[in-house]
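First residue of the sequence shown? That's -13 in the working numbering, and the numbers climb one at a time after it. Each residue gets a CB set at the ideal place from its N, CA and C atoms; glycine is no exception. Small disclaimer: the values here were computed from a predicted structure and weren't measured.
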Amino acid sequence: MEMTERKLKILHAIINDYVKSAEPVGSRALARKFEFGISPATIRNEMSDLEEMGYLTHPHTSAGRVPSDKAYRLYVNQMMERQELTVDEKMAIAHELQASINEFDKTIEHAAKILSKITNLTSFALTPTAADDKIKFVNLLPVDNRTVVMMIVSDTGKVSNTALRLETPCSSDNLQLLAKSMTYKYRGRTLTDVLTGNIIECFHNDVEAMDKLEQDIMPDFLKTLEEMLNVQLYMDGMTNIFDLPEYNDIERAKSFFNIFSHKDEFIKTVINRDTGMIVTIGEENMDEQMNDYSMITATYSVDGKQVGKIGVIGPKRMRYDKITSIMEYLTDNLNQSFQLEEGGHDSGK
């Protein structure tokens, strides 16, 4: 059966109406709301054809129709026109990001909050995997003569600040000398190389070659590198689903929260998605728990290198046109914030 221009217009109208109302759409309602220039009976026949073609489904409890996964995919691929953000929305995004511009992880956390607030959906953001990050520099900042803050900065802008207690007092000058020495040894080395490669073996085989201060700090240095390897997941708006009529059913709400009950699996699912703006609808999602939902993810960059993801998950009847525009603008702002050129943004946590 051929997809005619009239069928496309009717399908487009059904999708728009269902996204707004969450109610199955009938032919009479369509005829009242949209000027197709045809009778409700003709609309009903076209809807029957669309159902036969797999674009509409017919809930048992209603005479109306709802879009199928196939319909949403056609909409995203062919019908959707990106909706421009309002000036207020753009200003809100810029203002929120600016508030945490010098703290990398805080900026990512704020980005998730912004996305949830504007879309009224559940949002998430992943910090970069740091296995290939290279050490940029090490700094040791004295708090007193026995307490030190160790700062490790990677080439992607990831920063870890760790407070540690020294066994013996140490002067500020000696700390700075050691920081310069460690920076010289490790600059340009990946975190993984430092943790697993010959560099550490050399130290283990010749511990006496280190001075006492370096021996004192080394365990905390290695532990901090291990922590930097971990991907951080930030989520916001988990309870937003209760504002949506389809989640008045407690069992359906439980099924939504179950998606996030295994954090590591969810992180793995997001990491394995392609880069760029990716929309997966219903059964396109690899995880069966997500077959009733849609997920949209976008990739943000640090110094031009794609490193992390941000996204939303919610009902299939979401505003794809608006959400993709919001995410595009948000990631553009993140990318600009994370430029690490000379004099640019070195963020901390």
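So, under 8 Å CB-CB, residue i and residue j are touching, yes? Tell me the CB distance rounded to an integer number of Å.
{"i": "Y381", "j": "F110", "result": "With the chain running from -13 to 335 in the structure shown, residue 381 is simply not present."}
{"i": "K295", "j": "Y58", "result": "K295 to Y58, Cβ: 21 Å. No contact."}
{"i": "G174", "j": "K120", "result": "5 Å"}
{"i": "A117", "j": "T178", "result": "5 Å"}
{"i": "H96", "j": "A78", "result": "About 11 Å; that fails the 8 Å criterion."}
{"i": "T169", "j": "F123", "result": "5 Å"}
Nearest CA to the CA of residue i: which residue from the options?
{"i": "Q275", "options": "E95, Y306, A239", "result": "A239"}
{"i": "I312", "options": "D74, L127, D235", "result": "D74"}
{"i": "V5", "options": "L215, I309, P128", "result": "I309"}
{"i": "I375", "options": "N160, Y233, L230, F242", "result": "Given that the chain is displayed from residue -13 to residue 335, the structure contains no residue 375 and the question cannot be resolved."}
{"i": "F246", "options": "H44, T225, M304, N321", "result": "T225"}
{"i": "G(-7)", "options": "L164, E237, Y61, E95", "result": "Residue identity check: residue -7 is Lys in the sequence provided, not Gly. It is Y61."}
{"i": "G290", "options": "N321, G297, T261, T266", "result": "N321"}
{"i": "T115", "options": "I264, I253, T169", "result": "I253"}
{"i": "M304", "options": "L107, T182, T261", "result": "L107"}
{"i": "L163", "options": "D273, L127, V180", "result": "L127"}
{"i": "T72", "options": "L36, I104, T43, S25", "result": "I104"}
{"i": "P205", "options": "Q218, V180, A(-1), D222", "result": "V180"}
{"i": "A284", "options": "E21, T255, T317", "result": "T317"}
{"i": "E232", "options": "N244, D278, G262", "result": "D278"}
{"i": "S48", "options": "S13, I24, D55, Q218", "result": "S13"}
{"i": "D351", "options": "V293, I0, D55", "result": "The question about residue 351 has no answer, for the chain in this structure spans -13 to 335."}
{"i": "S167", "options": "D197, T176, R68", "result": "D197"}
{"i": "V265", "options": "E251, V298, N234, E212", "result": "V298"}
Which residues in the same chain have their Cβ closer than 8 Å to the Cβ of residue i, if we skip the five residues on either side of it in sequence?
{"i": "M(-11)", "result": "M39"}
{"i": "E37", "result": "T43, H44, R51"}
{"i": "Q218", "result": "D91, I94, L112, T113"}
{"i": "T133", "result": "A149, L150, R151, L152"}
{"i": "V129", "result": "V135, A149"}
Quick one: what's got a C-beta closer than 7 Å to residue i's C-beta in the same chain, skipping five residues either side?
{"i": "C156", "result": "N131, L199"}
{"i": "M66", "result": "Y306, D307"}
{"i": "E70", "result": "S311"}
{"i": "A(-1)", "result": "L16, F20"}
{"i": "R68", "result": "D307, T310, S311"}
{"i": "A165", "result": "V124, N125, L126"}
When you compare only the Cα positions, how much space is there between residue i and residue j?
{"i": "I355", "j": "L101", "result": "Outside the displayed span of the chain (-13 to 335) sits residue 355, for which this structure offers no information."}
{"i": "E270", "j": "H81", "result": "35 Å"}
{"i": "N2", "j": "S140", "result": "46 Å"}
{"i": "N216", "j": "L152", "result": "26 Å"}
{"i": "Y315", "j": "K76", "result": "8 Å"}
{"i": "L208", "j": "M214", "result": "10 Å"}
{"i": "E9", "j": "L150", "result": "58 Å"}
{"i": "P53", "j": "M136", "result": "55 Å"}
{"i": "K171", "j": "S287", "result": "27 Å"}
{"i": "I267", "j": "M(-13)", "result": "24 Å"}
{"i": "N184", "j": "E237", "result": "Below a pLDDT of 50, predicted positions are generally treated as unreliable, and N184, at 48, falls in that range; no measurement from the model is reported."}
{"i": "K249", "j": "D273", "result": "13 Å"}
{"i": "L(-3)", "j": "R30", "result": "12 Å"}
{"i": "H44", "j": "L230", "result": "21 Å"}
{"i": "L16", "j": "N63", "result": "23 Å"}
{"i": "S280", "j": "K56", "result": "12 Å"}
{"i": "P26", "j": "E32", "result": "10 Å"}
{"i": "G23", "j": "K(-5)", "result": "12 Å"}
{"i": "Y41", "j": "K99", "result": "34 Å"}
{"i": "G300", "j": "T182", "result": "40 Å"}
{"i": "N319", "j": "L83", "result": "8 Å"}
{"i": "E(-9)", "j": "V256", "result": "36 Å"}
{"i": "N258", "j": "E212", "result": "22 Å"}
{"i": "T154", "j": "T176", "result": "30 Å"}
{"i": "E251", "j": "V11", "result": "36 Å"}
{"i": "D235", "j": "N244", "result": "15 Å"}
{"i": "N125", "j": "S158", "result": "11 Å"}
{"i": "R18", "j": "T28", "result": "14 Å"}
{"i": "I282", "j": "D222", "result": "15 Å"}
{"i": "M263", "j": "S34", "result": "33 Å"}
{"i": "S7", "j": "H46", "result": "18 Å"}
Near residue i, what residues of its chain come up, given a Cβ to Cβ distance below 6 Å and the 5 sequence neighbours on each side ignored?
{"i": "N147", "result": "V135, M137"}
Any chance you could list the beta strand (DSSP E) runs of at least 3 consecutive residues sitting entirely within the stretch 94 to 130, in chain order? The stretch 94 to 130 contains these whole beta strand (DSSP E) runs: 108 to 112, 121 to 128.
Length-filtered (4 minimum) alpha helix (DSSP H) runs lying within the stretch 248 to 333: Every unbroken stretch of the alpha helix (DSSP H) spanning 4 or more residues and falling wholly within the stretch 248 to 333 is given here in chain order: 249 to 257, 306 to 323.
Length at least 4, wholly inside the stretch 33 to 95: the alpha helix (DSSP H) runs in chain order: 55 to 60, 73 to 84
Would you list, in sequence order, the uninterrupted alpha helix (DSSP H) runs of no fewer than 4 residues that lie entirely inside the stretch -11 to 40? -9 to 7, 13 to 19, 26 to 38
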